[in-house]
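A short write-up of the structure that comes next.
Numbering (the working numbering), first residue to last: 9 to 431.
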């Protein structure tokens, strides 16, 4: 397949077309090659198959929470621990210290995050800190300003006049859902401490992009009975899912997708969905990293009449990229399909030391040149037949039967010889 390199850096991205994916014969993609005009293989590595995250920062309104700095202090504390028959009782005696008149301070801030639709990766704070004193910030969320649940906690330390903070001013929230919720940030502060203040806050939003899979139509499905449809993959690329369209007369049909590696293995359930004849198609996503599944079975629920005819099936393939150094002589070509090809892949660190996913997305893009614009159709063998394995099985049986006949003939000759009269 011809490849056109882009201008600029020799290190470029090359998206694998569906035609290359259905030609692969190794699940580790080691049969992929990029050759130059002289037949020399170019250095290649597998690229990051995930789209880079898109980050954005949303400013949030900050409202101070004012109260007595001594309101939660107690005096005259007595602690009793009783232990009898494994029943433990903790008693706390004391009384609150009354707050002095006018002794108020900022105990925290309230942040309105109700309009944030996307998950929040972190909360970035513009904060004033006393020099050299560790301050613990606690982030909590609530829907009613009364009941609070803890989201995260972080210690910050300023090494100068409050402008430089060791580490990061961001508090990780790990994709917290803050829609229709309030956030409270509070900190530990004792009377006489220097002022701690949060001047501003930003929500760090991370939108994780997903790449739509490549779809290839399948033909040659086998339907041994109305409730079972079988097919096998002639290639080694892992499926991300299958899109199924049943006949309109089939109505509503719950189905389950099963898979196995060879005809000798048991079936494993991968996905389930309810198909409808009046819909364009339903996708059954395969949430499995196992790329050894080659045989598949689509089973209709026993409460239905099954398939009136084999459904239309599209195989959904992952979008994969190569990192290629075009150091040779153009034109270039992409090759795949040699099952016994040695693995010549470099690692990403070897071909591009220190490159992150965001850096990879900025590389020049090389393109394959399609020889035809016709939709791809892949022929799928009926599942479980494994023709090569079947041939080997017949050969083994033939050898076994022949060996048995030879042993039987030898035993017959020995038995006949033992009955001859001795001279």
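Glycine included, every Cβ here is placed at the ideal spot set by N, Cα and C.
Quick one: grab the DSSP three-state call for residue 167.
coil
How about residue 245 and residue 30: do their beta carbons lie closer than 8 Å?
yes
Alpha-carbon to alpha-carbon, residue 137 and residue 149:
23 Å
Report the option in 125, 151, 265 and 139 whose CA atom is closest to the CA atom of residue 211.
125
With distances taken between CB atoms, is the gap from residue 252 to residue 306 smaller than 8 Å?
yes
Measuring straight from C-alpha to C-alpha, what distance separates residue 347 and residue 358?
25 Å
Please go through the segment 186-223 and give each complete beta strand (DSSP E) segment of 3 or more residues, from N-terminal end onward.
190-195 and 205-215
Tell me whether residue 405 sits in a helix, a strand or coil according to DSSP, three-state version.
helix
Could you compute how far the alpha carbon of residue 326 sits from the alpha carbon of residue 167?
48 Å
Give me the Cβ distance between residue 32 and residue 330, rounded to the nearest whole Å; I'm assuming they're in contact under 8 Å.
The pair is not a contact, with the Cβ atoms about 12 Å apart (cut-off 8 Å).
Which term fits residue 222, buried or exposed, when burial requires 16 or more other beta carbons within 10 angstroms of its beta carbon?
buried
In chain order, what residues of the same chain have a beta carbon less than 7 Å from the beta carbon of residue 360, not counting five sequence neighbours either side?
19 and 331
Under the three-state DSSP convention, the category residue 285 falls into:
coil
Considering only their Cβ atoms, is the gap separating residue 177 from residue 132 smaller than 8 Å?
yes
Which partner residues of residue 148 appear in the DSSP bridge assignment?
158 and 192
Would the beta-carbon of residue 315 fall within 8 Å of that of residue 265?
no
Distance, Cα to Cα, residue 393 vs residue 422?
Legend: pLDDT at residue 393 = 46, less than 50; position of this residue unreliable, value from coordinates given subsequently. Answer to the nearest angstrom: the Cα atoms are 43 Å apart.
Quick one: what's got a C-beta closer than 7 Å to residue 27's C-beta in the same chain, skipping five residues either side?
9 and 384
Which word fits residue 55, buried or exposed, when buried means at least 16 other C-beta atoms lie within 10 angstroms of its C-beta?
buried
So for residue 414, helix, strand or coil by DSSP?
helix
Check whether residue 21 and residue 371 have beta carbons under 8 Å apart
yes
With a threshold of 16 other CB atoms inside 10 Å of the CB of residue 69, please say whether the residue is buried or exposed.
exposed
In whole angstroms, what is the alpha-carbon distance linking residue 39 and residue 49?
12 Å
For residue 266: DSSP bridge partner residues
277 and 305
Residues of its chain near residue 181, where Cβ-Cβ distance is below 8 Å and the 5 sequence neighbours each way are ignored:
128, 129, 130, 131, 147, 159 and 160
Environment of residue 258 [buried if 16+ CB atoms lie within 10 Å]:
buried
In this structure, how does DSSP classify residue 153 when only helix, strand and coil are distinguished?
coil
In angstroms, rounded to a whole number, what distance separates the CA positions of residue 396 and residue 247?
Residue placement at residue 396 is flagged as unreliable, the pLDDT there being 47, under the threshold of 50; a coordinate-derived value is accordingly withheld.
Can you check which of these residues, 285, 157 and 17, is closest to residue 368 by C-alpha distance?
17
Please report the straight-line C-alpha distance between residue 389 and residue 299, rounded to a whole angstrom.
18 Å
Exposed or buried, residue 319, counting other C-beta atoms within 10 Å across all chains shown (16 or more means buried)?
buried
Cβ neighbours of residue 236 in the same chain (closer than 7 Å, five flanking residues each side left out):
305 and 307
Would you list the one or two residues that DSSP bridges to residue 141?
DSSP lists no partner for residue 141.
Short Cβ contact (8 Å threshold) for residue 260 with residue 282
yes
Residue 23 - containing beta strand (DSSP E), residue span:
19-23
Within the continuous beta strand (DSSP E) that includes residue 236, where are the two ends?
236-240
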